[in-house]
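The working numbering runs 1 ahead of the 1-based position in the sequence shown.
I have placed the structure first, in the form of C-alpha coordinates, so that the comments after it can refer back to it.
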Amino acid sequence: MLTVSQKTLFGILCSLLLLMVFFSFEARNNLGQSGFDSCVQKKCVARGQPYCEKNNEINNCCLGAGGRTEYVDRKVICVFI
(Lines of atoms letter the chains of each structure in order from A and count residues from 1; the text may use other names and numbers.)
(Lines give C-alpha, C1' and ligand atoms only; values in the text may rest on other atoms or scores of the structure.)
Protein backbone atom coordinates (compact mmCIF):
# COMPACT_ATOMS: atom_id res chain seq x y z
CA MET A 1 0.00 0.00 0.00
CA LEU A 2 1.37 3.41 -0.96
CA THR A 3 1.21 6.37 1.37
CA VAL A 4 -0.24 9.70 0.30
CA SER A 5 3.20 11.25 -0.13
CA GLN A 6 4.35 8.29 -2.25
CA LYS A 7 1.28 8.62 -4.47
CA THR A 8 1.96 12.34 -4.82
CA LEU A 9 5.59 11.77 -5.76
CA PHE A 10 4.58 9.06 -8.23
CA GLY A 11 2.09 11.47 -9.85
CA ILE A 12 4.76 14.15 -10.13
CA LEU A 13 7.19 11.65 -11.65
CA CYS A 14 4.63 10.55 -14.25
CA SER A 15 3.85 14.19 -15.10
CA LEU A 16 7.53 14.98 -15.61
CA LEU A 17 7.91 11.93 -17.82
CA LEU A 18 4.99 13.03 -20.00
CA LEU A 19 6.43 16.55 -20.28
CA MET A 20 9.80 15.13 -21.29
CA VAL A 21 8.22 13.05 -24.06
CA PHE A 22 6.12 16.00 -25.27
CA PHE A 23 9.07 18.40 -25.45
CA SER A 24 11.23 15.77 -27.15
CA PHE A 25 8.71 15.48 -29.99
CA GLU A 26 8.39 19.26 -30.20
CA ALA A 27 12.17 19.63 -30.41
CA ARG A 28 12.27 17.26 -33.39
CA ASN A 29 10.27 19.84 -35.38
CA ASN A 30 13.20 22.27 -35.15
CA LEU A 31 15.79 20.04 -36.81
CA GLY A 32 17.41 20.63 -40.17
CA GLN A 33 17.50 23.60 -42.49
CA SER A 34 13.84 24.48 -41.96
CA GLY A 35 14.32 24.51 -38.18
CA PHE A 36 17.37 26.76 -38.55
CA ASP A 37 15.52 29.14 -40.87
CA SER A 38 12.52 29.41 -38.54
CA CYS A 39 14.80 30.04 -35.54
CA VAL A 40 16.60 32.88 -37.33
CA GLN A 41 13.29 34.28 -38.58
CA LYS A 42 11.85 34.34 -35.05
CA LYS A 43 14.92 36.20 -33.79
CA CYS A 44 14.68 38.73 -36.64
CA VAL A 45 11.02 39.41 -35.96
CA ALA A 46 11.49 39.64 -32.20
CA ARG A 47 14.67 41.73 -32.00
CA GLY A 48 15.44 43.12 -35.45
CA GLN A 49 17.72 42.34 -38.37
CA PRO A 50 21.06 43.36 -36.76
CA TYR A 51 20.40 41.08 -33.79
CA CYS A 52 19.60 37.98 -35.81
CA GLU A 53 22.74 38.41 -37.93
CA LYS A 54 25.07 38.15 -34.92
CA ASN A 55 27.46 35.22 -35.07
CA ASN A 56 26.39 33.99 -31.64
CA GLU A 57 22.70 33.93 -32.56
CA ILE A 58 23.39 32.12 -35.83
CA ASN A 59 25.53 29.61 -33.93
CA ASN A 60 22.77 29.02 -31.35
CA CYS A 61 20.14 28.39 -34.02
CA CYS A 62 22.50 26.18 -35.99
CA LEU A 63 23.44 24.00 -33.03
CA GLY A 64 19.78 23.72 -32.01
CA ALA A 65 18.87 22.55 -35.50
CA GLY A 66 21.57 19.88 -35.52
CA GLY A 67 24.04 21.64 -37.81
CA ARG A 68 27.50 23.06 -37.40
CA THR A 69 28.81 26.54 -38.12
CA GLU A 70 31.53 27.36 -40.62
CA TYR A 71 33.10 30.60 -41.79
CA VAL A 72 32.82 31.44 -45.48
CA ASP A 73 34.07 34.83 -46.67
CA ARG A 74 34.25 36.06 -43.06
CA LYS A 75 30.58 35.21 -42.58
CA VAL A 76 29.06 32.49 -40.39
CA ILE A 77 26.93 29.88 -42.15
CA CYS A 78 25.19 26.76 -40.92
CA VAL A 79 26.06 23.45 -42.58
CA PHE A 80 23.99 20.28 -42.33
CA ILE A 81 25.45 16.89 -43.11
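For every residue, glycine included, the Cβ atom is placed at its ideal position computed from N, Cα and C.
By DSSP's criteria, arginine 69 is part of a beta bridge. Which residues make up the other side?
Per DSSP, Val80.
Can you give the Cα-Cα distance for valine 41 and cysteine 62, rounded to whole angstroms?
So the two alpha carbons sit approximately 7 Å from each other.
Taking 8 Å as the cut-off, does the segment 13-23 touch the segment 54-74 (at least 3 CB pairs, one atom from each stretch)?
Judged by Cβ distances under 8 Å, the segment 54-74 makes no contact with the segment 13-23, as fewer than three pairs qualify.
Any idea if isoleucine 13 is buried or exposed, counting beta-carbon neighbours within 10 angstroms, 16 or more meaning buried?
Under a 10 Å Cβ-count criterion, isoleucine 13 is classified as exposed, with fewer than 16 other Cβ atoms of the shown protein chains found around its own Cβ.
With three or more beta-carbon pairs closer than 8 Å as the criterion, would you say the segment 28-35 touches the segment 2-16?
no
Nearest to glycine 67 (by Cα), restricted to the options Leu3, Met2, Ile59:
Ile59
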